[in-house]
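Taking the numbering used here, the leading residue of the sequence shown gets -17, the next gets one more, and so forth.
Glycine included, every Cβ here is placed at the ideal spot set by N, Cα and C.
Here's the structure, in structure tokens; my notes come after.
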Amino acid sequence: MTDRPPFTSEDEIRGLAFASYTLTHSLLTVLETKGILTGSEVQDVLDRTLNALEHRHQDNSIDIARRLIEGAIIARAASRSGD
């Protein structure tokens, strides 16, 4: 066993954020790949999510969440422009 320092609450929060982001991204990708959602419907989900975050009380956690969604939108646009 390795001696690893105990997890901090910041580690736990970051872990939850990355897990949530990865799960959501994977789910949207699978739904689009299987034809359950179209590309524009996936984009609509991301846009609505970003819009909901922009209309919440703004603090550091909301700012980070917004940046993650904006990053997903940018990455999606970049990958689709290469198609």
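> In terms of residue numbering, what span does the alpha helix (DSSP H) encompassing Arg58 cover?
Replying inline: Per DSSP, Arg58 belongs to the alpha helix (DSSP H) from Asn42 to Ser63.
> In chain order, what residues of the same chain lie with their CB nearer than 7 angstroms to the CB of Ala54, ignoring the 5 residues before and after it?
Replying inline: His7 and Leu28.
>> I need the DSSP call for Ile(-5), collapsed to helix, strand or coil.
In response: The answer is helix: DSSP assigns Ile(-5) an H, G or I state.
> With contact counted as at least three CB pairs below 8 angstroms, one residue from each stretch, are the segment 46 to 63 and the segment 18 to 37 in contact?
Replying inline: They touch, by the three-pair rule.
> What is the DSSP secondary structure of Arg30, counted as helix, strand or coil?
Replying inline: In the displayed model, Arg30 falls within a helix according to three-state DSSP.
>> I need the DSSP call for Thr98, collapsed to helix, strand or coil.
In response: This structure cannot speak to residue 98, because the chain is shown only from -17 to 65.
>> Between the alpha carbons of Leu19 and Leu13, how many angstroms are there, rounded?
In response: Cα to Cα, the separation comes out at about 6 angstroms.
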